[in-house]
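Student:
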Amino acid sequence: MKKWIISLNLLFYITFLNQWNFAESHPTSSSRAGQSAGTSRARGQTSTHKSSSTTPEIGTGTKVKPSSHPASSGSRSTPTTTTSGCTQPSRAGSTIPAKTQPAKPTSTPTSGSTTPTSQSSSGTGKSQQRQSITSTNPGNEGTLVTLDISKSKDTNQLDYKKDGNFRTYTPKPNHLFTKIVKKDLDLWTAKPEDHGLKAVLMGSKKEPKFLALLLQSGNFLLLYKSGKNRPWQDITTSRHDVNKLKFLGENDTVLTSSDYKVDLVDLLFTYTFNSGVNCNKITYDDTPVWTHTDDKSFQSLKSIALDLPSNQFSVTNTSDNKKELTTKVALDINKTESTNEFDYTDKNGVVTYTTKDNHVFDKVFKKRIIRNLVIWESKDNLYARLASIRFTKGINTLDSKSGILALLLTNNTFTLFHHFAGTWKDITSDRHDITNLKFLGENDVELKSSDYSVTIVFLSYTYLFNDGVKCKKIIYDNNMLWSHTDNSNFSEIKSFSLGLVSNNFYVINNENESKKLEFKPTPITAAVTTLESVTKPAVPTKVTLDINANHSTTEFSYSKDPAGVVTFIPNDGHVFSKVSQGTKVVWQSKDDVYGTLVRIKVSKNFKYLVVLLNNNMFTLFKLDGNNWTNITSNRHDVSKLKFFGDNDNELKSTDYSVTIVFLSYEITFNDGVKCKKITYSNNLLWRPTDDPKFGEIKSLSLGLSKDKFFVKNQFDGLKKIEKDFKHITTPASQSRSGKPANTPPSGATEPHKSSSTTPEIGTGTKVKPSSHPARSGSKSTPTTQQKGDGTQPSRTS
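This is how it looks when you write it as C-alpha cells:
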C-alpha cells in the first residue's frame, strides 16, 4: 500500500514539474499577440527586423497600420493596390518566384506613380487619385496600361497627340491598354486576349463626345456621351459589324488578314491594302457594296474605311480620291421599328420605311416561317429609297386581305404592287406614266429636276417645288394637264401629286388646299388623256352598307380586330349613303353629307355604332334591344370646338385631321402645327399652362361612350379634361335641341375643374367620370384629310 502511495506522489510531482517547464517556455495568448504585433513585417518587405507599431507603405511617405497577422517566416507577400474595387499586385519592392508567377498578372503601379493604399483586405477601397497603371504581361503581349483620358500629355507608357478636335492615345511599344478611365470613372475594361492598341477621343467640354478604341481582335469599340453630366454609352452594336466584311481578289479569292493593315485614323476605322494586293470586290453580309467595275475612277482601291460617328463606309482609290459607298439593305416588311439602316413610321395606317443616308433597298420581302416571300428585287442598278405600305386592316399581318406597296426608286420613278389573297401583283403599268410629265415655268421654260424634289406621301407620288420656283403649267403626254389660269384659287401651287391608289392627279396650293384634276381616255386613241374639268370635283359612288357583311367588296373594305371592333371603310371614289342592318335602316345621308367610316364596338356591355361624316362630324348610335337609337345629341357638339395657335390665330381645318380611333372621335394636329388653346362654345377647354406635362399636345379626342374629352401629349400620354360644362351655353343662347339654354352666371368664362363627378352638358344630373378610352394609335383608321392617297377633301374646290 505504501508503495502505491509513494508511486502516485512521485507521478504527481513529475507531472507538476513538466507543466511548470511548459508554462515557462510558452507565454499566454495575450502576450503572444502583443509580441507578434511588435515583430510583424511590413507587407511586401523581405527584411526580418522588427518594426514599431506602424510600417511605411512602399513608394509613399505615409504610414499604415500593420497587418492583422504576420507573414510566415521567409514568405514574400506582395502588396496590393486597389483600382475600382479590384485588388492588384504591386511590382515595386516585390518578388514573385517563377514557379508561382500568375499566367495573367493584373495591372500595377508604375515606378514613380502614386496609388492609394488598399483600405481593406477585400480590396473595396476607393482610389483617391487615378494614374496610368501598368503590369508586366508574362504572356508576351506587353505591359498592360490603364489610360486616363483626363490626362493630356505623353507618359513613359503612352504617346499623346492632339489634332484639332481629335485626341489620340497610342501605347508605347510592348504596351497595351487594359482599361480606360476618366479620373475615378471606369469607362472600359478589356476582355482577356483583346486589349486596346489605340484610343481616339473626339469632342471637348460640353459638346457631344465619341471615344473609339482599336482592339487586338481587329474590331473596334465605340463609346458616346451626348453632353455634360450625361453618361457614357457603348454604341458599338449600332454600327456596322466589320466582321461581316469580306475582301475578294482575283477569281473571288478571299483576301486574308496578312493582305491588309487595320488602323484607327481619327475616327475612321480603316483597312489599308498592302502594296501589290488587288481588291476587286467588297461584300458586307455577303452583299456586294463595291466592285472594281462600278466606277472607272475607282477601279483600284487603296483603302476602305468606316466613319464611326456617321456609320458610313467610304473607299479611297490609289489617287487618294475618296468616295462614300451605298449600303444595300434587304427590307423585311414585318419590321415595326427603325434600325441603323432605315427609319420606320406608321401614320394613319400607312407604314413607311425610309432609307438613311447612303443606304438603299435592293430587296423587299416578307419573312415567313417556311420560306420568305420576295416581293421585289433590284434590277439594272436601280434601287429603292422609300417603301410605303397600306393594308386594308391598317396593320401589317400575314392574314391581311388586301394591301398596297409603293416603292420610290433611285431614278425618281415608282413601282406599285397590289396584295390580294396572299399574292403581290405589280400594277405599275396600270397607273399614269410619270415620265410623260413636264413642268413649265415663266415663258414656258421647262423646269429642271433640281427645281423640285420627289417623294411618296400617304401613297401619293408627289413633286414638291423648291422655294422660289413657280410652276405655271403642267403637261402630260403633250396635253395640257394644268395651267395657273384655270382657277384663281390655284394660280400658285406648291406641289403636284399622283394618287397611286386612285390614279388621279392633284394640285395643292399654298393654303394646303387640294384640287383633283379630272381625266379620262379620249375616244380616239384611248391612250392620250385630256383635261376634262378642273372646276368640278368628281361625284363619288354612293354605297349602301349592310353591317351584317363580314368581308370586303369592291366598294368597301371590312376588318375586325382581335377585340371584336368592326370597321368598314369605303374604297377610293366611294362614300356611304346609307347604313342598314338587314332590312332595317340605321342611318341615311342628308344634305350631301356622306359617311367615310363606320365602326361598331362594344363598351361596358353596350354596343355602339359610329359614322364618321365627310364634313368632319359624326353620328353615334347605341343598340337598345334590337333597335339602334341615335344618341348624338347626348354628346358634345364637336362643331363648337375651336383651336388656336400662336397669337390666338384660329387654326384652319387643313391644320389637322379627323378620324375615329377605337370609339374616340380624334382630332390630330399636323406635324409642325402647335395648338396653344382649345375652346368649346367660346369657353376655355384647354391651355398649355393647365399641366406642364401636357404643355404641348398632338391631339384632342372625345370618348364617345362616356362623352369625355382627352388630350394626348407628344409622348402619347393621355389626360382627361376635368371641366364642369353645366352652365355653358352657345353664343346664341340656344341648346343643341334648339330650346333656350340656361344663362351662365356672370363671369363664368372658364369652367372650374370637377372632383369626383362631372355634369353632362345641358343637364343637371351628374355621372361618374369615365375611364380613358382605348389609347389612340390604331392602325386601322384612316383620316379624312389624308386617305392614304394624298387627297385632302376637307377643303376641296
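Counted the way mature numbering (1 follows the signal peptide of the UniProt record, and there is no 0) counts, the sequence shown spans residues -25 to -1, 1 to 772. Cβ coordinates follow ideal geometry from the N, Cα and C atoms, glycine included.
Taking C-beta to C-beta, are Lys694 and Lys673 nearer than 8 Å?
Tutor: For the purposes of this step, residue 694 is taken as the residue at position 719 of the sequence shown. For the purposes of this step, residue 673 is taken as the residue at position 698 of the sequence shown. Taking 8 Å as the Cβ cut-off, Lys694 and Lys673 do not qualify as a contacting pair.
Student: Using three-state DSSP, classify Val217 as helix, strand or coil.
Tutor: The residue labelled residue 217 in the question sits at position 242 within the sequence shown. Helix.
Student: How many angstroms separate the CA atom of Ile544 from the CA atom of Gln556?
Tutor: Taking the sequence shown and counting its residues from 1, the one referred to as residue 544 is at position 569. Taking the sequence shown and counting its residues from 1, the one referred to as residue 556 is at position 581. Rounded to the nearest angstrom, the two C-alpha atoms are 16 Å apart.
Student: Using beta-carbon positions only, say whether Gly570 and Leu584 come within less than 8 Å of one another.
Tutor: As a working note, residue 570 is residue 595 in the sequence shown. As a working note, residue 584 is residue 609 in the sequence shown. The answer is no: Cβ separation not under 8 Å.
Student: Taking the CB atoms as reference points, tell me whether Tyr328 and Leu361 lie closer together than 8 Å.
Tutor: By one-based count along the sequence shown, residue 328 stands at place 353. By one-based count along the sequence shown, residue 361 stands at place 386. A contact, by the Cβ cut-off of 8 Å.
Student: Rounded to whole angstroms, what is the Cα-Cα separation between Thr643 and Trp351?
Tutor: Taking the first residue of the sequence shown as 1, we reach residue 643 at position 668. Taking the first residue of the sequence shown as 1, we reach residue 351 at position 376. In a straight line, the C-alpha of Thr643 is about 34 Å away from that of Trp351.
Student: Taking Cβ positions only, does Lys342 come closer than 8 Å to chain C?
Tutor: No chain C is part of this structure, which consists of one protein chain only.
Student: Between Leu230 and the rest of its own chain, which residues show a CB-CB distance below 6 Å, the 5 nearest in sequence each way excluded?
Tutor: Taking the first residue of the sequence shown as 1, we reach residue 230 at position 255. Taken in chain order, the residues that qualify are Phe222 and Gly224.
Student: Pick helix, strand or coil for Ile409, following the three-state DSSP scheme.
Tutor: Taking the sequence shown and counting its residues from 1, the one referred to as residue 409 is at position 434. Note: Ile409 maps to helix in three-state DSSP.
Student: Taking contact to mean 3 or more Cβ pairs, one atom from each stretch, closer than 8 Å, check whether the region 679 to 686 and the region 575 to 584 are in contact.
Tutor: Segments in contact, yes.
Student: Do the CB positions of Val217 and Asp234 come within less than 8 Å of each other?
Tutor: Start at 1 with the first residue of the sequence shown, and residue 217 comes out as number 242. Start at 1 with the first residue of the sequence shown, and residue 234 comes out as number 259. Cβ atoms of Val217 and Asp234: not closer than 8 Å.
Student: Across the region 625 to 636 and the region 597 to 605, are there enough close Cβ pairs to call them in contact, namely three or more that are closer than 8 Å?
Tutor: Judged by Cβ distances under 8 Å, the region 625 to 636 makes no contact with the region 597 to 605, as fewer than three pairs qualify.
Student: Which same chain residues, not among the five before or five after Thr516, have their C-beta less than 8 Å away from its C-beta?
Tutor: Along the sequence shown, one-based indexing puts residue 516 at 541. Closer than 8 Å at the Cβ level, and outside the excluded window around Thr516, lie Glu530, Gly548, His549 and Val550.
Student: Mapping the DSSP letters down to three states, classify Asp521 as helix, strand or coil.
Tutor: As a working mapping, residue 521 is identified with position 546 in the sequence shown. Asp521: strand per DSSP, three-state reduction.
Student: For Ala524, which of Thr542, Ala538 and Asp536 has the nearest alpha-carbon?
Tutor: Locating residue 524 in the sequence shown gives position 549, where the first residue counts as 1. Looking at the Cα atoms, Thr542 is the closest of the given residues.
Student: Is it buried or exposed, Met455, if we count other Cβ atoms within 10 angstroms and call 16 or more buried?
Tutor: To locate residue 455, count along the sequence shown from 1; it is residue 480. Flag for Met455 reads exposed.
Student: Whose C-alpha, out of Asn255, Tyr436, Gln191 and Thr311, is nearest the C-alpha of Leu384?
Tutor: Numbered from its first residue, the sequence shown carries residue 384 at position 409. Looking at the Cα atoms, Tyr436 is the closest of the given residues.
Student: State the start and end residues of the unbroken beta strand (DSSP E) segment that holds Tyr144.
Tutor: Locating residue 144 in the sequence shown gives position 169, counting from the first residue. Per DSSP, Tyr144 belongs to the beta strand (DSSP E) from Phe141 to Pro146.
Student: Going by CA-CA distance only, name the one from Gly443, Phe389 and His393 that's closest to Leu473.
Tutor: Along the sequence shown, one-based indexing puts residue 473 at 498. The option with the nearest alpha carbon to Leu473 is Phe389.
Student: Would you call Asp419 buried or exposed, if buried means 16 or more other Cβ atoms sit within 10 Å of its Cβ?
Tutor: Your numbering for residue 419 matches position 444 in the sequence shown. Flag for Asp419 reads exposed.
Student: According to the Cβ coordinates, are Leu276 and Phe185 closer than 8 Å?
Tutor: Here residue 276 refers to the residue found at position 301 of the sequence shown. Here residue 185 refers to the residue found at position 210 of the sequence shown. It is not a contact, given that the beta carbons lie outside the stated cut-off.
Student: Please report how far the alpha carbon of Arg205 lies from the alpha carbon of Leu172, in whole angstroms.
Tutor: Here residue 205 refers to the residue found at position 230 of the sequence shown. Here residue 172 refers to the residue found at position 197 of the sequence shown. Distance between the alpha carbons of Arg205 and Leu172 is about 27 Å.
Student: Around the Cβ of Asn485, are there at least 16 other Cβ atoms within 10 angstroms (buried) or fewer (exposed)?
Tutor: For the purposes of this step, residue 485 is identified with residue 510 of the sequence shown, where counting begins at 1. Classification for Asn485: exposed.
Student: Does the region 308 to 323 come close enough to the region 259 to 279 to have 3 or more Cβ pairs within less than 8 Å?
Tutor: The answer is no - the region 259 to 279 does not touch the region 308 to 323, with fewer than three Cβ pairs under 8 Å.
Student: What is the residue span of the beta strand (DSSP E) that Met592 lies within?
Tutor: By one-based count along the sequence shown, residue 592 stands at place 617. Looking at the DSSP string, Met592 is not in any beta strand (DSSP E), and its letter there is neither H nor E.
Student: How long is the line joining the alpha carbons of Leu133 and Lys203, rounded to whole angstroms?
Tutor: Here residue 133 refers to the residue found at position 158 of the sequence shown. Here residue 203 refers to the residue found at position 228 of the sequence shown. One C-alpha to the other measures close to 27 Å.
Student: For His394 and Arg574, I'd like the C-alpha separation in whole angstroms.
Tutor: Along the sequence shown, read from residue 1 onward, the residue named residue 394 stands at position 419. Along the sequence shown, read from residue 1 onward, the residue named residue 574 stands at position 599. Approximately 24 Å, taken between the alpha carbons.
Student: Nearest to Leu196 by alpha carbon, out of Leu220, Lys181, Val633 and Leu243?
Tutor: As a first step, residue 196 is located in the sequence shown; it is residue number 221 there, counting from the start. The candidate whose alpha carbon is nearest that of Leu196 is Leu243.
Student: Can you check which of these residues, Asp270, Leu198, Phe317 and Leu189, is closest to Asp161 by C-alpha distance?
Tutor: Counted from its first residue, the sequence shown places residue 161 at position 186. If we check each option's Cα against that of Asp161, Leu198 comes out closest.
Student: Evaluate Thr293 with the Cβ neighbour count: other Cβ atoms within 10 Å of its Cβ, from every protein chain shown; 16 or more gives buried, anything less gives exposed.
Tutor: Start at 1 with the first residue of the sequence shown, and residue 293 comes out as number 318. By the neighbour-count rule (16 or more Cβ atoms within 10 Å), Thr293 is not buried but exposed.
Student: On the CB-based measure, 16 or more other CB atoms within 10 Å of its CB, does Lys303 come out buried or exposed?
Tutor: Walking along the sequence shown from the start, residue 303 turns up at place 328. Buried, since its Cβ has 16 or more Cβ neighbours within 10 Å.
Student: I'd like to check one pair, Thr121 with residue 823: are the Cβ atoms closer than 8 Å?
Tutor: No answer is possible for residue 823: it lies beyond the span of the chain, which begins at -25 and ends at 772.
Student: Give the secondary structure of Tyr235 by DSSP, where H, G and I count as helix, E and B as strand, and everything else as coil.
Tutor: Your numbering for residue 235 matches position 260 in the sequence shown. Strand.
Student: Measuring alpha carbon to alpha carbon, tell me which of Arg662, Asp691, Leu616 and Asn546 ends up nearest Ser656.
Tutor: As a working note, residue 656 is residue 681 in the sequence shown. Out of Arg662, Asp691, Leu616 and Asn546, Leu616 has the C-alpha closest to the C-alpha of Ser656.
Student: Taking 8 Å as the limit between beta carbons, can you name the residues of its chain near Lys447, skipping five residues before and five after?
Tutor: As a position in the sequence shown, residue 447 is number 472, starting the count at 1. Excluding sequence neighbours, Lys447 sits near Leu415, Gly416, Glu417, Asp419, Ser458 and His459.
Student: Identify every run of the alpha helix (DSSP H) within the region 560 to 632, keeping only runs that are complete inside it and at least 4 residues long; order them along the chain.
Tutor: DSSP runs (the alpha helix (DSSP H)) wholly in the region 560 to 632: none.
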